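Counting from 3, one number per residue, gives the positions in the sequence shown under my numbering.
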Amino acid sequence: MLILNEKPLSYDRAFTHAGIQYPANWLRLSSLEERNALGITEVANDPTYDQRFYWGVDNPKQLNDKTETVDGEEVKTTGLKTQWSATQGEIAASLLAPSDWRIIKAKETGTNIPSAWKTYRAAVRTACNTRQTEIGNAADVPALIELLFGAATITQQKKDSEGVGVVEPDTITNEAGETVANPVAGDPVMETVANPAIATAWPTPI
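See the structure below:
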(Lines of atoms letter the chains of each structure in order from A and count residues from 1; the text may use other names and numbers.)
(Lines give C-alpha, C1' and ligand atoms only; values in the text may rest on other atoms or scores of the structure.)
Protein backbone atom coordinates (compact mmCIF):
# COMPACT_ATOMS: atom_id res chain seq x y z
CA MET A 1 0.00 0.00 0.00
CA LEU A 2 1.31 3.46 -0.93
CA ILE A 3 0.91 6.24 1.65
CA LEU A 4 1.20 10.01 1.23
CA ASN A 5 0.54 12.36 4.13
CA GLU A 6 -0.88 9.44 6.12
CA LYS A 7 -3.46 8.76 3.41
CA PRO A 8 -3.48 5.74 1.08
CA LEU A 9 -2.98 6.21 -2.65
CA SER A 10 -4.61 4.02 -5.28
CA TYR A 11 -3.09 3.00 -8.59
CA ASP A 12 -4.84 4.39 -11.68
CA ARG A 13 -6.38 7.26 -9.72
CA ALA A 14 -5.29 10.87 -9.94
CA PHE A 15 -4.19 12.63 -6.76
CA THR A 16 -3.17 16.11 -5.67
CA HIS A 17 -0.12 16.99 -3.61
CA ALA A 18 1.22 20.45 -2.75
CA GLY A 19 -1.22 22.01 -5.18
CA ILE A 20 -0.09 19.83 -8.09
CA GLN A 21 -2.45 17.38 -9.78
CA TYR A 22 -0.84 14.05 -10.70
CA PRO A 23 -2.48 11.98 -13.45
CA ALA A 24 -4.03 8.55 -12.87
CA ASN A 25 -1.06 6.70 -14.41
CA TRP A 26 1.62 8.59 -12.46
CA LEU A 27 2.14 5.91 -9.80
CA ARG A 28 2.63 3.20 -12.41
CA LEU A 29 5.09 5.25 -14.45
CA SER A 30 7.03 6.87 -11.64
CA SER A 31 10.34 5.61 -10.29
CA LEU A 32 11.11 4.87 -6.65
CA GLU A 33 13.21 8.03 -6.48
CA GLU A 34 10.32 10.16 -7.78
CA ARG A 35 7.95 8.69 -5.23
CA ASN A 36 10.44 9.22 -2.41
CA ALA A 37 10.88 12.84 -3.49
CA LEU A 38 7.17 13.42 -2.87
CA GLY A 39 7.29 11.60 0.45
CA ILE A 40 5.35 8.56 -0.76
CA THR A 41 6.09 5.49 1.33
CA GLU A 42 5.08 1.87 0.90
CA VAL A 43 3.72 -0.19 3.76
CA ALA A 44 2.54 -3.77 3.89
CA ASN A 45 -1.15 -4.31 3.29
CA ASP A 46 -3.21 -5.40 6.25
CA PRO A 47 -3.41 -9.20 6.30
CA THR A 48 -6.67 -10.52 4.92
CA TYR A 49 -8.89 -13.33 6.16
CA ASP A 50 -12.10 -15.05 5.12
CA GLN A 51 -14.79 -13.52 7.31
CA ARG A 52 -17.03 -16.53 6.76
CA PHE A 53 -14.60 -18.68 8.73
CA TYR A 54 -12.45 -16.32 10.83
CA TRP A 55 -13.06 -13.54 13.35
CA GLY A 56 -9.66 -12.12 12.47
CA VAL A 57 -6.22 -13.17 11.27
CA ASP A 58 -5.36 -16.55 12.80
CA ASN A 59 -8.58 -16.39 14.83
CA PRO A 60 -10.91 -19.10 13.47
CA LYS A 61 -14.57 -19.20 14.33
CA GLN A 62 -16.01 -22.00 16.42
CA LEU A 63 -16.07 -25.26 14.47
CA ASN A 64 -18.58 -27.27 16.53
CA ASP A 65 -21.72 -26.30 18.41
CA LYS A 66 -21.00 -25.27 21.98
CA THR A 67 -23.26 -25.20 25.02
CA GLU A 68 -22.24 -23.26 28.12
CA THR A 69 -23.85 -21.72 31.17
CA VAL A 70 -23.93 -17.93 31.27
CA ASP A 71 -25.42 -16.18 34.31
CA GLY A 72 -27.16 -19.39 35.25
CA GLU A 73 -28.70 -19.90 31.82
CA GLU A 74 -27.73 -22.47 29.22
CA VAL A 75 -26.56 -20.81 26.02
CA LYS A 76 -25.90 -22.70 22.77
CA THR A 77 -23.62 -21.26 20.12
CA THR A 78 -23.89 -22.66 16.60
CA GLY A 79 -20.61 -23.77 15.04
CA LEU A 80 -19.38 -23.61 11.46
CA LYS A 81 -20.17 -27.26 10.83
CA THR A 82 -23.85 -26.79 11.63
CA GLN A 83 -24.03 -23.58 9.60
CA TRP A 84 -22.42 -25.07 6.50
CA SER A 85 -24.36 -28.30 6.84
CA ALA A 86 -27.55 -26.24 6.72
CA THR A 87 -26.23 -24.47 3.64
CA GLN A 88 -25.96 -27.83 1.88
CA GLY A 89 -29.63 -28.41 2.55
CA GLU A 90 -30.43 -25.03 1.02
CA ILE A 91 -28.35 -25.84 -2.05
CA ALA A 92 -30.09 -29.20 -2.42
CA ALA A 93 -33.49 -27.51 -2.18
CA SER A 94 -32.50 -25.04 -4.91
CA LEU A 95 -31.41 -27.90 -7.16
CA LEU A 96 -34.63 -29.82 -6.59
CA ALA A 97 -37.01 -26.87 -6.87
CA PRO A 98 -36.99 -26.57 -10.69
CA SER A 99 -38.31 -30.13 -11.02
CA ASP A 100 -40.77 -30.07 -8.12
CA TRP A 101 -43.61 -29.38 -10.56
CA ARG A 102 -42.94 -32.72 -12.24
CA ILE A 103 -43.55 -34.52 -8.97
CA ILE A 104 -46.71 -32.53 -8.28
CA LYS A 105 -48.03 -33.15 -11.80
CA ALA A 106 -47.37 -36.89 -11.54
CA LYS A 107 -49.25 -37.10 -8.24
CA GLU A 108 -52.18 -35.00 -9.46
CA THR A 109 -52.55 -36.82 -12.77
CA GLY A 110 -51.62 -40.28 -11.55
CA THR A 111 -48.81 -40.56 -14.08
CA ASN A 112 -45.30 -41.84 -13.65
CA ILE A 113 -42.33 -39.62 -12.86
CA PRO A 114 -39.68 -39.96 -15.62
CA SER A 115 -36.93 -42.27 -14.37
CA ALA A 116 -34.22 -39.76 -15.29
CA TRP A 117 -35.72 -37.21 -12.93
CA LYS A 118 -36.15 -39.77 -10.17
CA THR A 119 -32.47 -40.68 -10.51
CA TYR A 120 -31.35 -37.05 -10.53
CA ARG A 121 -33.40 -36.03 -7.52
CA ALA A 122 -32.20 -39.06 -5.57
CA ALA A 123 -28.61 -38.18 -6.49
CA VAL A 124 -29.11 -34.63 -5.17
CA ARG A 125 -30.34 -35.92 -1.84
CA THR A 126 -27.52 -38.46 -1.63
CA ALA A 127 -24.92 -35.81 -2.43
CA CYS A 128 -26.39 -33.52 0.21
CA ASN A 129 -26.26 -36.21 2.88
CA THR A 130 -22.70 -37.15 1.93
CA ARG A 131 -21.50 -33.55 1.95
CA GLN A 132 -23.07 -32.99 5.36
CA THR A 133 -21.25 -36.06 6.67
CA GLU A 134 -17.99 -34.79 5.20
CA ILE A 135 -18.52 -31.42 6.87
CA GLY A 136 -19.13 -33.16 10.17
CA ASN A 137 -15.82 -35.02 9.78
CA ALA A 138 -13.72 -31.90 9.09
CA ALA A 139 -10.81 -31.81 11.52
CA ASP A 140 -10.39 -28.03 11.67
CA VAL A 141 -11.33 -24.79 9.97
CA PRO A 142 -8.66 -24.99 7.21
CA ALA A 143 -9.88 -28.51 6.40
CA LEU A 144 -13.47 -27.26 6.21
CA ILE A 145 -12.47 -24.44 3.84
CA GLU A 146 -10.57 -26.88 1.61
CA LEU A 147 -13.55 -29.25 1.66
CA LEU A 148 -15.97 -26.60 0.47
CA PHE A 149 -13.80 -24.34 -1.70
CA GLY A 150 -10.63 -26.28 -2.55
CA ALA A 151 -9.39 -26.68 -6.12
CA ALA A 152 -10.79 -29.64 -8.05
CA THR A 153 -7.29 -30.95 -8.77
CA ILE A 154 -3.94 -30.84 -7.01
CA THR A 155 -0.38 -31.48 -8.15
CA GLN A 156 1.59 -33.97 -6.09
CA GLN A 157 4.47 -36.39 -6.33
CA LYS A 158 3.59 -39.55 -8.19
CA LYS A 159 3.80 -42.76 -6.14
CA ASP A 160 4.59 -46.31 -7.20
CA SER A 161 2.50 -49.38 -6.38
CA GLU A 162 4.06 -49.51 -2.91
CA GLY A 163 3.29 -45.89 -2.12
CA VAL A 164 6.87 -44.68 -2.51
CA GLY A 165 7.42 -41.32 -4.20
CA VAL A 166 8.69 -41.62 -7.79
CA VAL A 167 11.76 -39.60 -8.80
CA GLU A 168 13.46 -38.93 -12.12
CA PRO A 169 15.93 -41.70 -13.11
CA ASP A 170 19.69 -41.15 -13.24
CA THR A 171 19.81 -41.72 -17.00
CA ILE A 172 17.48 -41.16 -19.97
CA THR A 173 17.49 -42.07 -23.65
CA ASN A 174 17.99 -39.15 -26.00
CA GLU A 175 16.58 -38.74 -29.53
CA ALA A 176 19.57 -40.61 -30.96
CA GLY A 177 18.81 -43.62 -28.81
CA GLU A 178 21.81 -43.03 -26.57
CA THR A 179 21.74 -43.40 -22.81
CA VAL A 180 22.78 -40.09 -21.23
CA ALA A 181 22.73 -38.51 -17.80
CA ASN A 182 19.38 -37.12 -16.78
CA PRO A 183 19.80 -33.41 -15.94
CA VAL A 184 16.90 -33.58 -13.47
CA ALA A 185 17.86 -36.90 -11.87
CA GLY A 186 16.41 -37.30 -8.40
CA ASP A 187 13.72 -34.66 -8.85
CA PRO A 188 10.21 -35.80 -7.90
CA VAL A 189 7.91 -36.86 -10.73
CA MET A 190 4.75 -34.79 -10.38
CA GLU A 191 1.22 -35.56 -11.49
CA THR A 192 -2.14 -33.81 -11.37
CA VAL A 193 -4.89 -35.75 -9.61
CA ALA A 194 -8.37 -35.14 -8.26
CA ASN A 195 -8.25 -33.34 -4.92
CA PRO A 196 -9.17 -35.95 -2.30
CA ALA A 197 -9.90 -33.25 0.29
CA ILE A 198 -12.87 -31.60 -1.44
CA ALA A 199 -16.50 -32.43 -0.90
CA THR A 200 -18.53 -34.80 -3.03
CA ALA A 201 -19.70 -33.02 -6.18
CA TRP A 202 -23.32 -32.18 -6.79
CA PRO A 203 -24.89 -34.10 -9.67
CA THR A 204 -25.03 -32.41 -13.05
CA PRO A 205 -28.52 -30.97 -13.68
CA ILE A 206 -30.56 -32.64 -16.38
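By construction, the Cβ of each residue, glycine as well, lies at the ideal position given by its N, Cα and C atoms. This structure is a prediction, so every number in the text was calculated from the model and none was measured.
The segment 191-208 and the segment 155-173 touch, with no fewer than 3 CB-CB distances between them shorter than 8 Å.
Given a length threshold of 4 residues, each whole run of the alpha helix (DSSP H) inside the segment 21-103 is given here in chain order: 28-31, 34-40 and 82-98.
Pairing Lys78 with Leu65 gives a Cβ-Cβ distance that is not under 9 Å. Going by beta carbons, Ala94 and Arg127 fall inside the 9 Å limit. By the Cβ-count criterion, Gln90 is buried, with 16 or more other Cβ atoms from all chains shown falling within 10 Å of its own Cβ. By the Cβ test, the segment 179-193 is not in contact with the segment 136-155, since fewer than three Cβ pairs between them sit closer than 8 Å. Taking one beta carbon from each stretch, the segment 142-157 and the segment 40-56 have 3 or more pairs nearer than 8 Å; the two touch. Residues Ala199 of the same chain have their beta carbon placed closer than 6 Å to that of Glu148, with the five preceding and five following residues left out of the count. For Thr132, the secondary structure class from DSSP, reduced to helix, strand or coil, is helix.
Residue pairing by DSSP puts Pro10 in a beta bridge opposite Ile5. Under the three-state reduction of DSSP output, Pro190 falls in the strand class. For the options Gly21, Gly167, Asn176 and Thr135, the alpha carbon positioned closest to that of Thr202 is the one of Thr135. For the options Leu4, Leu40, Ile208 and Ala16, the alpha carbon positioned closest to that of Thr121 is the one of Ile208. With fewer than 16 neighbouring CB atoms inside 10 Å of its own CB, Leu34 falls in the exposed class. Taking 8 Å as the upper bound for CB-CB distance, Ser101 and Arg133 are not in contact here, some 20 Å apart.
Distance from the CA of Thr155 to the CA of Thr173, rounded to the nearest whole angstrom, comes to 30 Å. Following the DSSP letters along the chain, one finds Val143 inside the alpha helix (DSSP H) bounded by residues Val143 to Phe151. In terms of Cβ geometry, Ile105 and Val45 do not form a close pair [threshold 9 Å].
With contacts defined by Cβ atoms closer than 9 Å, Val168 and Pro190 form a contacting pair.
The beta-carbon separation of Leu29 and Leu40, rounded to 10 Å, does not stay under the 8 Å limit for a contact.
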